[in-house]
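> Read in order, the letters of the sequence shown are residues 937 to 1208 in my numbering.
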Amino acid sequence: MGLTLKKDYVEFFTNNRSEFQDNLLNEAKNVRNKIEEIQFIGNIDLLNNAHKLVMYALIGNKDELDMFAEKEGISWASHSLTLAFKLEWVQAIRRTIWRFLQRYDQENPINEPNNFYELERQINETIDQFLNTFFLSYSEYKDQLIEEQRTLVENLSVPIIPITSKVCVLPLIGHIDMSRSSTIEEKVLLEISKLRIGTLVIDLSGIAEMEPEVIEHMMRIIEGANMMGCECVITGLRPEIVRKVTKLGLTFEHKANTKATLQQALEDYFVS
């Protein structure tokens, strides 16, 4: 497609921008009612971005198109905007482009038919490229956010609190399954090495129940801490857990000291 024809197309769409916008809004009925909401949530100007995509499709600047699509993907992912709306919007842009190109050819019949095939390939490939890059960027950024949130949740679920330069407290609450106990093991051993913890007080007063395999895993965590030179103190053991420990034939003897409450441990180890 010649440069002159490209300029003619660009000029045609620029001069008819307002009418193109009206047609696009009629084409994308579901998105039309969400434009202001998307602008408010993500500071995303759908109409202006639609015209940018039209220009990229007509001119064929793939490098700038990729940068534009990547930015759009990150914006939609970071604000958790619905992908169904984006897909509907872009396909509506595609259909509206072709409707206006048909109108251009009707108004300019001297246009050579062979140009249609090149134009069809360029526009559809450009829009497809935009969608591919957009979805890749969206997915990668979403995966990054999920990983960051998972790490945050893991850190919050294993809150090791320094009391002195050598003493830390690990208050555990809620349900502990094998997945969480593995996270506890990883975090405990890492923090013992990082903070050079000499005494770790593990408070279990917020744990109402533990499965036998979790209890055995917790014992191994304590043994691992001991091997790294860290003394463990267990506080807040509930009767239900104590019965399970004894039923399994396990004991904290030579592995950890036990105290009835966290307050008692703090008084015995840090006040006196």
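Ideal Cβ positions, reconstructed from N, Cα and C, are used throughout, including at glycine.
Is it right to say Arg1086 is buried, meaning 16 or more other beta carbons lie within 10 angstroms of its own, or is it exposed?
exposed
> Give the DSSP-derived three-state secondary structure of Glu1167 in the structure shown.
strand
> Is the separation between the beta-carbon of Ala986 and that of Trp1025 shorter than 9 angstroms?
yes
> Terminal residues of the continuous alpha helix (DSSP H) containing Gly1246?
An answer regarding residue 1246 cannot be provided, because it is not within the stretch 937 to 1208 covered by the chain.
> Keeping to the same chain, check which residues put their C-beta closer than 8 angstroms to that of Thr1069; ignore five residues upstream and five downstream.
Taken in chain order, the residues that qualify are Leu1001, Asp1002, Ala1005, Glu1006 and Gly1009.
> Return helix, strand or coil for Gly1185, following the three-state DSSP convention.
coil
> Quick one: residues in its chain with C-beta nearer than 6 angstroms to the C-beta of Glu1167, no 5 flanking neighbours on either side, listed in chain order?
Thr1135
> Per DSSP, Val1137 is paired with what?
Val1105 and Val1169
> Could you work out which residue in Met1155, Arg1132, Phe976 and Pro1098 is closest to Ile1120 when comparing CA atoms only?
Closest in C-alpha terms to Ile1120, from the list Met1155, Arg1132, Phe976 and Pro1098, comes Met1155.
> What's the gap between the Cα of Ser1208 and the Cα of Leu1202?
Because Ser1208 sits at a pLDDT of 48, beneath the cut-off of 50, its placement in the model cannot be relied upon, and the point is left open.
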